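Written out below as structure tokens is the structure these notes cover.
There are 2 protein chains.
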Amino acid sequence: MEKETRSRGRPRTFDETEVLDAATCLFWERGYEGTSIKDLIDAMGMSPPSVYAAFGSKEALYDRVLDRYAETFGQMLLRELHAEPDLKRAISALVQDWARLLTGGSHPKGCMISLGMPTHSPDQASIAQGVANRRAATRQMFHDRLEAGSDQLPAGTDLTALANYLAMVIAGMSMLARDGLDTAALLAVSDVAMVAWPQSPGG
Amino acid sequence: MEKETRSRGRPRTFDETEVLDAATCLFWERGYEGTSIKDLIDAMGMSPPSVYAAFGSKEALYDRVLDRYAETFGQMLLRELHAEPDLKRAISALVQDWARLLTGGSHPKGCMISLGMPTHSPDQASIAQGVANRRAATRQMFHDRLEAGSDQLPAGTDLTALANYLAMVIAGMSMLARDGLDTAALLAVSDVAMVAWPQSPGG
DNA sequence: CTATTTATGTATTGAACGATACATAAATAA
DNA sequence: TTATTTATGTATCGTTCAATACATAAATAG
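Going down the list, the protein sequences come from chains A and B.
To get my numbering, take the position in the first sequence, counting from 1, and add 26.
To get my numbering, take the position in the second sequence, counting from 1, and add 26.
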């Protein structure tokens, strides 16, 4: 089974990675409802039939974009969570890195999933549910890591509350980033947030 | 100058408070972009020309709704912040009450302003800026209260970071509420959040 | 070559959007 | 009464929305 990249018909003139990056940037900045197909067409440099042939619909394209985003940043999150064995250090580093990530770089501010479709028309309930499900998965990921390192937490610590707290921090910091607060301001907030961390049993 | 309620032309058949409440509920639940004029017309029980004659435009109506909302809940927030002289108690009570407010009652979940238009098309930048300004005002309100009670905080406490932290908590809890977490879950999160509060000088 | 397959570009589609024109109804003012 | 003012109901306006029809272009298969 050799790599059969060459298919039969007329070859595509676009690079899938590039056009998905362009779509991601738009959805990230403007949200699902705030991004029109025309905006996407222009940014992706494609014609409408090509977009629909390649991705199906606006909703399917958004879902595709969300998947790529979740994979990219979710993997980064997971790697960082498990790179440091000391739980508090791991969480602290993660929160600080996200403070930098949410405010820096050449991409829109805030987390695309944390800020995604908090309000929406009933027509788009299922799309919004998809985003909400990804937030729930993130909370579960936090919970799993806390459980794995629960020996470094006081006995009886409410792991769910702590996981939800972390999700709250990411979401809240995302909103602050959207409002224009810079990296330094978010790092200061993340310092405050980490004070809430329970004392480890060893003091 | 007696109360001159009777004006000249044909009297209105709607109660302004009632229709604004209906509009608030819709905007709160669905957001600005997710709420259509048709939705509003139906919910308010008015005809399109009446809505436009009374409120000007969808944008102006949204702004009016935001003002009423900010007045209602902003005043509640302010009152609560100053009712309790002990700063930590005041903040703790406030966060707990908001945990209940964001998840309970007969209204949509989460704070309308905290969740308002984090993403939007460029066309609606000025409307989104209006919401962002109200969030900024809330952060300033927190800052003012902290400054007033700064004698109950360790010297050198970063008041801005602490105020931003509180705004982050409200915004993050709002998102959790939208995701379906109940009052108990949010109260547990608010307990974690308050652990981050600095020790007062008196121990 | 011809047939088949896939992608593209142009020009639209029907529906929903925010917002109004227009005629009518119901009040006060003179 | 008649004139004026304000609100209402119906029936749209032009625009933008997401999505396609259709003809054409560019590749492989036989």
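Cβ coordinates follow ideal geometry from the N, Cα and C atoms, glycine included.
The structure presented is a predicted model; accordingly, all values stated were derived computationally and were not measured.
Buried or exposed for residue i, going by 16 or more other Cβ atoms inside 10 Å?
{"i": "SER33/B", "result": "exposed"}
{"i": "THR98/B", "result": "exposed"}
{"i": "SER216/B", "result": "buried"}
{"i": "ARG36/B", "result": "exposed"}
{"i": "ARG171/A", "result": "buried"}
{"i": "ILE63/B", "result": "exposed"}
{"i": "GLU28/B", "result": "Note on GLU28/B: pLDDT 34, under 50, position unreliable in the model; no value is reported."}
{"i": "ALA211/A", "result": "buried"}
{"i": "HIS146/A", "result": "buried"}
{"i": "ASP205/A", "result": "buried"}
{"i": "SER200/A", "result": "buried"}
{"i": "ALA174/A", "result": "exposed"}
{"i": "THR43/A", "result": "exposed"}
{"i": "ARG165/A", "result": "buried"}
{"i": "ALA181/B", "result": "exposed"}
{"i": "ALA154/B", "result": "buried"}
Can you look up residue i in the DSSP assignment and give me helix, strand or coil?
{"i": "HIS146/A", "result": "coil"}
{"i": "GLU110/B", "result": "coil"}
{"i": "GLU55/B", "result": "helix"}
{"i": "MET72/B", "result": "coil"}
{"i": "LEU127/A", "result": "helix"}
{"i": "SER83/B", "result": "coil"}
{"i": "GLU30/B", "result": "Low local confidence applies: a pLDDT of 45 at GLU30/B is under 50, so the model's placement there is unreliable, with the coordinate-based value given in what follows. GLU30/B falls in the coil class under three-state DSSP."}
{"i": "PHE40/B", "result": "coil"}
{"i": "ILE63/A", "result": "helix"}
{"i": "GLY35/A", "result": "coil"}
{"i": "GLY100/B", "result": "helix"}
{"i": "SER118/A", "result": "helix"}
{"i": "LEU46/B", "result": "helix"}
{"i": "LEU92/A", "result": "helix"}
Quick check on the DSSP output: the alpha helix (DSSP H) that includes residue i runs from which residue to which?
{"i": "MET138/B", "result": "From DSSP, MET138/B is part of no alpha helix (DSSP H); its letter is neither H nor E."}
{"i": "LEU192/A", "result": "185–204"}
{"i": "GLN155/B", "result": "151–174"}
{"i": "SER216/A", "result": "209–221"}
Residues of chain A with a CB under 8 Å from the CB of residue i: which are they?
{"i": "HIS146/B", "result": "ARG56, GLY57 and GLY60"}
{"i": "ALA158/B", "result": "ARG204, ASP205 and GLY206"}
Using a Cβ cut-off of 9 Å, pull out every chain A residue sitting near residue i, in sequence order please.
{"i": "ASP208/B", "result": "Neighbours of ASP208/B on chain A: none; closest Cβ ~11 Å, over 9 Å."}
{"i": "VAL91/B", "result": "Result: empty, since nearest Cβ-Cβ is about 13 Å, beyond 9 Å."}
{"i": "TYR78/B", "result": "Within chain A, no residue comes near TYR78/B; the closest Cβ sits about 21 Å away, beyond 9 Å."}
{"i": "ALA151/B", "result": "Here the premise fails: no neighbours, minimum Cβ distance about 10 Å."}
I'd like to check one pair, residue j with residue i: are the Cβ atoms closer than 8 Å?
{"i": "LEU141/A", "j": "PRO148/B", "result": "no"}
{"i": "ALA116/B", "j": "LEU87/B", "result": "no"}
{"i": "GLY66/A", "j": "LEU46/A", "result": "According to the sequence as given, residue 66/A is Leu; it is not Gly. Against a cut-off of 8 Å, the Cβ pair of LEU46/A and LEU66/A comes out as no contact."}
{"i": "GLY156/A", "j": "GLU59/B", "result": "no"}
{"i": "LEU207/B", "j": "ASN190/A", "result": "yes"}
{"i": "ARG161/A", "j": "ALA203/A", "result": "no"}
{"i": "GLN122/B", "j": "LEU188/B", "result": "no"}
{"i": "LEU103/A", "j": "LEU120/A", "result": "yes"}
{"i": "GLY198/A", "j": "GLY198/B", "result": "yes"}
{"i": "ALA222/B", "j": "VAL218/A", "result": "yes"}
{"i": "TRP54/B", "j": "MET167/B", "result": "no"}
{"i": "GLN178/A", "j": "LYS135/A", "result": "no"}
{"i": "PHE40/B", "j": "GLY82/B", "result": "no"}
{"i": "GLY130/A", "j": "THR209/A", "result": "yes"}
{"i": "THR186/B", "j": "PRO224/B", "result": "no"}
In chain B, which residues lie with their C-beta within 7 Å of the C-beta of residue i?
{"i": "ARG161/A", "result": "ASP205"}
{"i": "VAL215/A", "result": "ALA187, ASN190, TYR191 and MET194"}
{"i": "ASP184/A", "result": "ALA214"}
Can you name the residues of chain B whose CB is closer than 8 Å to the CB of residue i?
{"i": "SER140/A", "result": "MET201"}
{"i": "GLY136/A", "result": "PRO144"}
Taking Cβ-Cβ distances shorter than 9 Å, what residues in chain B pair up with residue i?
{"i": "ASP68/A", "result": "Those within 9 Å of ASP68/A in chain B number zero; the least Cβ separation is about 13 Å."}
{"i": "TYR88/A", "result": "Going along chain B, no residue has its Cβ under 9 Å from TYR88/A, so there is no contact; the nearest lies around 12 Å."}
{"i": "ALA222/A", "result": "VAL218, ALA219, MET220, VAL221, ALA222 and TRP223"}
{"i": "ALA211/A", "result": "THR186, ALA187 and ASN190"}
Mind listing the chain A neighbours of residue i? Cutoff is C-beta to C-beta under 7 Å, in chain order.
{"i": "GLY175/B", "result": "Near GLY175/B there are no residues of chain A at all, since even the closest Cβ is about 16 Å away, more than 7 Å."}
{"i": "GLY198/B", "result": "MET194, VAL195, ALA197 and GLY198"}
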